[in-house]
Amino acid sequence: MAFTVQEIAAAIDAEAHGNTDLIVERVSEPASAGPDDLALLTNPKFADGLTKGQARVALLWDGADWQAMGLEAAITAKRGRYAMSGLSRMMDPGQQFPEGIHPTALIDETASVAEGVTIAPYAVIGPRACIGAGTVIGPFCHIGADSSIGKNGVLRDHISVGARVTIGDRFWCQPGARIGADGMSFVTPEASGVEKARASLGDQGDVREQAWARIHSLGAVTIGDDVEIGANSCIDYGTVRDTRIGNGCKVDNLVHIAHNVVVGNDCLFAGQVGIAGSTVIGNNVVFGGQCGVTDNTTIGDNVIAGGATKMMSKVPAGQVVLGSPAVKMETNLEMYKALRRLPRLAKQFSDLQKTVSKLGSKT
Amino acid sequence: MAFTVQEIAAAIDAEAHGNTDLIVERVSEPASAGPDDLALLTNPKFADGLTKGQARVALLWDGADWQAMGLEAAITAKRGRYAMSGLSRMMDPGQQFPEGIHPTALIDETASVAEGVTIAPYAVIGPRACIGAGTVIGPFCHIGADSSIGKNGVLRDHISVGARVTIGDRFWCQPGARIGADGMSFVTPEASGVEKARASLGDQGDVREQAWARIHSLGAVTIGDDVEIGANSCIDYGTVRDTRIGNGCKVDNLVHIAHNVVVGNDCLFAGQVGIAGSTVIGNNVVFGGQCGVTDNTTIGDNVIAGGATKMMSKVPAGQVVLGSPAVKMETNLEMYKALRRLPRLAKQFSDLQKTVSKLGSKT
Amino acid sequence: MAFTVQEIAAAIDAEAHGNTDLIVERVSEPASAGPDDLALLTNPKFADGLTKGQARVALLWDGADWQAMGLEAAITAKRGRYAMSGLSRMMDPGQQFPEGIHPTALIDETASVAEGVTIAPYAVIGPRACIGAGTVIGPFCHIGADSSIGKNGVLRDHISVGARVTIGDRFWCQPGARIGADGMSFVTPEASGVEKARASLGDQGDVREQAWARIHSLGAVTIGDDVEIGANSCIDYGTVRDTRIGNGCKVDNLVHIAHNVVVGNDCLFAGQVGIAGSTVIGNNVVFGGQCGVTDNTTIGDNVIAGGATKMMSKVPAGQVVLGSPAVKMETNLEMYKALRRLPRLAKQFSDLQKTVSKLGSKT
Numbered sequence: 036m037a038f039t040v041q042e043i044a045a046a047i048d049a050e051a052h053g054n055t056d057l058i059v060e061r062v063s064e065p066a067s068a069g070p071d072d073l074a075l076l077t078n079p080k081f082a083d084g085l086t087k088g089q090a091r092v093a094l095l096w097d098g099a100d101w102q103a104m105g106l107e108a109a110i111t112a113k114r115g116r117y118a119m120s121g122l123s124r125m126m127d128p129g130q131q132f133p134e135g136i137h138p139t140a141l142i143d144e145t146a147s148v149a150e151g152v153t154i155a156p157y158a159v160i161g162p163r164a165c166i167g168a169g170t171v172i173g174p175f176c177h178i179g180a181d182s183s184i185g186k187n188g189v190l191r192d193h194i195s196v197g198a199r200v201t202i203g204d205r206f207w208c209q210p211g212a213r214i215g216a217d218g219m220s221f222v223t224p225e226a227s228g229v230e231k232a233r234a235s236l237g238d239q240g241d242v243r244e245q246a247w248a249r250i251h252s253l254g255a256v257t258i259g260d261d262v263e264i265g266a267n268s269c270i271d272y273g274t275v276r277d278t279r280i281g282n283g284c285k286v287d288n289l290v291h292i293a294h295n296v297v298v299g300n301d302c303l304f305a306g307q308v309g310i311a312g313s314t315v316i317g318n319n320v321v322f323g324g325q326c327g328v329t330d331n332t333t334i335g336d337n338v339i340a341g342g343a344t345k346m347m348s349k350v351p352a353g354q355v356v357l358g359s360p361a362v363k364m365e366t367n368l369e370m371y372k373a374l375r376r377l378p379r380l381a382k383q384f385s386d387l388q389k390t391v392s393k394l395g396s397k398t
Numbered sequence: 036m037a038f039t040v041q042e043i044a045a046a047i048d049a050e051a052h053g054n055t056d057l058i059v060e061r062v063s064e065p066a067s068a069g070p071d072d073l074a075l076l077t078n079p080k081f082a083d084g085l086t087k088g089q090a091r092v093a094l095l096w097d098g099a100d101w102q103a104m105g106l107e108a109a110i111t112a113k114r115g116r117y118a119m120s121g122l123s124r125m126m127d128p129g130q131q132f133p134e135g136i137h138p139t140a141l142i143d144e145t146a147s148v149a150e151g152v153t154i155a156p157y158a159v160i161g162p163r164a165c166i167g168a169g170t171v172i173g174p175f176c177h178i179g180a181d182s183s184i185g186k187n188g189v190l191r192d193h194i195s196v197g198a199r200v201t202i203g204d205r206f207w208c209q210p211g212a213r214i215g216a217d218g219m220s221f222v223t224p225e226a227s228g229v230e231k232a233r234a235s236l237g238d239q240g241d242v243r244e245q246a247w248a249r250i251h252s253l254g255a256v257t258i259g260d261d262v263e264i265g266a267n268s269c270i271d272y273g274t275v276r277d278t279r280i281g282n283g284c285k286v287d288n289l290v291h292i293a294h295n296v297v298v299g300n301d302c303l304f305a306g307q308v309g310i311a312g313s314t315v316i317g318n319n320v321v322f323g324g325q326c327g328v329t330d331n332t333t334i335g336d337n338v339i340a341g342g343a344t345k346m347m348s349k350v351p352a353g354q355v356v357l358g359s360p361a362v363k364m365e366t367n368l369e370m371y372k373a374l375r376r377l378p379r380l381a382k383q384f385s386d387l388q389k390t391v392s393k394l395g396s397k398t
Numbered sequence: 036m037a038f039t040v041q042e043i044a045a046a047i048d049a050e051a052h053g054n055t056d057l058i059v060e061r062v063s064e065p066a067s068a069g070p071d072d073l074a075l076l077t078n079p080k081f082a083d084g085l086t087k088g089q090a091r092v093a094l095l096w097d098g099a100d101w102q103a104m105g106l107e108a109a110i111t112a113k114r115g116r117y118a119m120s121g122l123s124r125m126m127d128p129g130q131q132f133p134e135g136i137h138p139t140a141l142i143d144e145t146a147s148v149a150e151g152v153t154i155a156p157y158a159v160i161g162p163r164a165c166i167g168a169g170t171v172i173g174p175f176c177h178i179g180a181d182s183s184i185g186k187n188g189v190l191r192d193h194i195s196v197g198a199r200v201t202i203g204d205r206f207w208c209q210p211g212a213r214i215g216a217d218g219m220s221f222v223t224p225e226a227s228g229v230e231k232a233r234a235s236l237g238d239q240g241d242v243r244e245q246a247w248a249r250i251h252s253l254g255a256v257t258i259g260d261d262v263e264i265g266a267n268s269c270i271d272y273g274t275v276r277d278t279r280i281g282n283g284c285k286v287d288n289l290v291h292i293a294h295n296v297v298v299g300n301d302c303l304f305a306g307q308v309g310i311a312g313s314t315v316i317g318n319n320v321v322f323g324g325q326c327g328v329t330d331n332t333t334i335g336d337n338v339i340a341g342g343a344t345k346m347m348s349k350v351p352a353g354q355v356v357l358g359s360p361a362v363k364m365e366t367n368l369e370m371y372k373a374l375r376r377l378p379r380l381a382k383q384f385s386d387l388q389k390t391v392s393k394l395g396s397k398t
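Here it is as structure tokens:
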């Protein structure tokens with residue numbers, strides 16, 4: 036990984052200044068940068084760090100006075116954070132799995148493996164599975180029967196892709212993700228306490244001991260193009276039709292997406308989000324960490340939910356929501372402010388009661 | 036997977052109507068059903084879908100007028116959702132792991148493997164482990180020393196069963212489940228800030244830097260018959276005695292069950308539930324997704340907790356609870372309604388104060 | 036595992052009484068103890084249990100009258116829970132992976148494996164990885180390129196250690212942990228709705244459909260000495276610098292630690308805790324189960340957070356916090372008490388309004 040300042044600027048559509056032949060080997064924070072590092076300094080607030088490190092070149096904000104900072108060269112970008120995307124792609128050393136098909140990989144003779152595929156040690160590819168050109172399958176991955184993965188994907192290690200799963204191109208998958216676990220779907224011979232409590236808002240009626248009968252998952256999972264799934268996240272099979280994740284969705288670690296859920300395009304779910312069965316999520320939806328969505332509901336396009344928001348019912352398109360249960364962010368802040376003042380209000384109320392009581396006795 | 040309408044109806048104890056020799060290859064939603072599919076239509080609300088698809092036969096509610104729907108045949112069931120259990124079992128194509136013992140499976144010579152067992156590629160069975168008749172052990176499963184799994188279980192891939200774990204018959208286990216991780220149990224040489232804060236409800240006293248000493252897990256895990264554990268869920272060893280999961284329990288994905296927990300029979304825990312150490316859960320308990328239960332407490336039989344409910348203390352048998360901290364559902368709804376109105380109440384209170392003040396100055 | 040009472044007392048720095056040559060084979064709870072078991076009875080409250088079991092020797096609290104309990108021998112300890120640490124270490128039968136390097140383990144020829152290392156079946160050690168003396172690498176572990184693990188570690192099964200990860204001595208790692216997944220870091224070409232909503236506290240402005248561009252993780256993960264990571268927990272790479280976990284930290288199951296997070300020494304995180312990107316956690320911090328911390332914030336030394344606490348902003352050192360959003364525990368309890376009484380307060384307020392109204396009409 037060594038590039039000239041000129042090469043980097045060209046690759047990320049940014050401007051190069053000064054000694055653009057300078058060679059850069061890695062990216063560093065300003066204060067810890069060595070002489071062959073590109074210091075990353077897109078926020079003027081942290082400019083002091085440069086003097087602590089040894090960087091001779093930095094990625095800076097548009098219009099930054101790089102010469103005054105004592106640098107030999109600079110790359111300037113209009114939106115530094117976005118420039119970081121291209122830069123980090125260039126400089127990523129990756130996992131360095133051995134190229135090609137490892138002799139310990141077990142590939143069913145009916146599977147179809149396209150050109151330029153890497154299959155790492157101890158990976159297993161099931162019957163009739165298809166792996167698209169240029170895709171990397173890491174160690175200990177299990178790609179199930181009749182599943183297919185598109186082109187140029189990167190699957191780290193220990194990943195489960197269940198039977199009959201369909202995944203698009205440029206799939207990024209972190210270690211331990213489970214695509215196509217059976218849905219959690221059980222039924223009692225007669226209406227259960229849960230069904231009664233839901234219908235009555237709290238009364239489960241006469242309780243009868245009933246065992247749970249399993250509903251098998253006949254549907255699978257369909258995932259679009261340009262999707263990323265985080266470490267140890269789980270996406271369940273649908274019951275009859277497939278659970279669906281649209282194009283461009285990015286899912287963080289330890290996320291749970293239950294059976295029959297439909298997620299639109301370009302959604303972003305942070306760590307430990309949970310989405311219950313049969314819920315439909317629109318496009319461009321963003322959930323902070325530990326958000327939860329109840330089953331059988333709808334979240335509209337462009338909804339944004341702050342961390343730990345619990346969506347107990349439908350959220351209309353475009354809303355920014357917060358809290359448990361979720362309400363509009365401004366309503367949540369108003370309710371919370373009032374709650375903070377409530378102990379004092381209760382005290383003042385008690386005082387006012389006394390005042391009124393005295394007034395009453397006077398009149 | 037091809038059955039006549041008659042065969043299906045007989046298998047799921049339902050009634051067949053019309054051309055009962057019609058052959059069905061898979062189950063579909065009404066609108067997307069092809070001519071060889073059985074349309075699943077147990078809720079009259081969705082009857083319109085039939086006209087969009089090509090189904091010639093459907094699974095319908097009791098008394099449905101199948102002929103008026105233009106069908107050639109029908110199966111009617113009293114409780115359609117329950118009928119789906121038997122139907123989905125018949126039609127499940129499964130994971131299709133290669134049958135028998137794969138040559139790459141490593142089975143300790145002291146392990147005991149009963150008849151009809153499937154052990155998939157790259158599974159490892161430890162010393163003295165016992166696998167019951169008809170059980171399927173998927174790829175990359177590790178079955179630890181001295182553990183035992185009953186008859187007719189299905190373990191998907193990448194599952195950890197630690198040493199000394201005991202599991203009953205008909206165990207269903209999803210990918211990446213961890214049965215028998217070490218409990219999280221640490222102790223400081225002297226009372227820690229946590230112990231003091233718990234005792235005083237918030238005051239941790241003089242804080243001293245102390246390292247944590249590990250308490251090893253000497254207990255194991257015991258799991259009953261007919262239990263299902265979801266993908267990437269974790270059940271810890273007990274400290275001295277075993278952590279216990281009763282018969283018929285169904286546990287969803289990413290659930291955490293800590294050391295020494297005792298769970299009764301026929302409980303159902305949805306995704307991302309967490310149960311802290313040494314807590315005792317009764318029979319027929321149902322937790323919605325993301326529920327949490329504190330350590331060393333008791334949850335009675337037939338308790339139902341809505342999604343994201345946090346049980347900070349004992350919950351008596353039969354209660355339906357909600358909220359954080361958990362209270363009875365009706366109390367939660369009442370508190371929440373009052374909280375929604377609180378900003379307005381605060382404003383009205385301020386007005387009333389002024390009114391009273393004026394009255395006071397008049398008298 | 037058989038020791039005399041004398042040997043055990045000496046090993047755990049406790050006092051032996053009576054027939055100290057008695058041999059003990061395992062540790063049990065008093066009521067279920069057999070004649071060769073050491074009953075664990077450190078809380079006088081449970082002394083009754085002894086009479087139900089067959090124990091001839093028990094680990095008791097300091098000053099316990101062991102003879103009156105009908106025991107032949109006893110071990111007494113000042114802090115029984117702490118004594119349990121040493122005792123459980125002695126009596127732990129462990130996982131019993133086959134010793135030495137298993138023939139199916141794949142070790143890159145450039146990797147460095149020190150003396151006394153165990154590498155279990157189907158483990159993979161990548162290029163230039165270093166494994167310290169005495170460390171145990173369990174089945175299906177993948178140790179990535181250029182990573183290093185210190186001395187005397189214990190890695191259970193199915194663990195991912197990504198490329199370039201650095202881990203100290205005496206590392207304990209439970210099954211399915213993911214150290215070094217890629218950070219969840221995405222950026223839109225122009226400011227996104229999330230950026231706008233954060234800046235405006237809820238208004239995302241004109242919404243534009245934008246795809247997410249990936250920021251690759253160039254940093255790695257650095258973990259100190261004496262750290263334990265729970266089953267299926269995930270620690271992400273840093274973006275530029277490493278994500279860092281200090282010495283002596285203990286992390287439970289299903290915990291999510293995002294990119295760039297810095298954790299101090301001797302912290303304890305219970306199950307399902309989530310810490311968002313770039314947050315800095317001090318020393319000796321304790322989080323109960325299901326706690327969450329927002330991104331880019333600071334949690335001071337010695338902070339204790341009760342279960343399910345959501346820290347939405349900075350928490351000063353030494354605070355004991357609770358609730359969502361987190362406030363000081365006493366404030367939380369006060370707010371909660373007031374909220375419980377709020378429905379009644381609202382009713383009383385309405386009554387008072389009427390009273391005042393009547394008073395007003397009188398004057």
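Chains as they are written, first to last, in this note's numbering: chain A, 36 to 398; chain B, 36 to 398; chain C, 36 to 398.
Note that beta-carbon positions come from the ideal geometry of N, C-alpha and C, so glycine has one too.
query	result
Give a yes or no on whether 8 Å exceeds the smallest Cβ distance from residue 402 of chain C to chain B.	Only positions 36 to 398 of chain C appear in the structure, and residue 402 of chain C is not among them; the question remains open.
Using the C-alpha atoms, what's the distance from residue 133 of chain C back to residue 71 of chain C?	28 Å
Under the DSSP definition of a beta bridge, which residues are partnered with residue 346 of chain A?	A:328
Flag residue 246 of chain C as yes if its beta-carbon sits less than 8 Å from any beta-carbon of chain A, otherwise no.	yes
To which residues of the same chain is residue 265 of chain A closer than 8 Å at the C-beta, ignoring the five residues directly before and after it?	209, 212, 286, 287, 288, 289, 290, 306
I want to know whether the segment 58-72 of chain B touches the segment 378-392 of chain A - three or more CB-CB distances under 8 Å.	no
Smallest Cα separation from residue 77 of chain C: which of C:366, C:368, C:114, C:392?	C:114
Could you confirm whether any beta carbon from chain A is found closer than 8 Å to the beta carbon of residue 370 of chain C?	yes
Hey, how far is the Cα of residue 151 of chain C from the Cα of residue 187 of chain C?	9 Å
Have a look at residue 74 of chain A and residue 125 of chain A and give me their C-alpha separation to the nearest angstrom.	15 Å
Given a threshold of 16 other Cβ atoms within 10 Å of its Cβ, counted over all protein chains shown, does residue 411 of chain A qualify as buried or as exposed?	The structure shown does not extend to residue 411 of chain A, since chain A is modelled only from 36 to 398, so the question has no answer here.
Counting Cβ pairs, one atom from each stretch, are 3 or more of them under 8 Å apart for the segment 294-302 of chain A and the segment 312-326 of chain A?	yes
Return the residue from the list B:267, B:344, B:223, B:280 that minimises the CA-CA distance to residue 118 of chain C.	B:223
For residue 331 of chain B, does the count of other Cβ atoms within 10 angstroms reach 16, so buried, or fall short, so exposed?	exposed
Starting from the N-terminal side, write out each stretch of the beta strand (DSSP E) that is 3 residues or longer and does not extend beyond the segment 213-273 of chain A.	213-216, 256-258, 269-271
Between which two residues does the beta strand (DSSP E) holding residue 355 of chain C run?	355-357
Assign residue 236 of chain C to buried or exposed, taking buried as 16 or more other Cβ atoms, counted over all protein chains shown, within 10 Å of its Cβ.	exposed
List the endpoints of the continuous alpha helix (DSSP H) containing residue 392 of chain C.	364-397
Alpha carbon to alpha carbon, what distance is there between residue 263 of chain A and residue 234 of chain C?	27 Å
Using 8 Å for Cβ pairs, my map puts residue 43 of chain A next to residue 110 of chain A. What's the rounded Cβ distance?	6 Å
When DSSP builds the beta bridges, which residues end up paired with residue 278 of chain C?	C:256
Report all residues from its chain with a CB closer than 6 Å to the CB of residue 122 of chain A; omit the five preceding and five following residues, and keep chain order.	47
Is residue 193 of chain B closer than 8 Å to residue 252 of chain A when the C-beta atoms are compared?	no
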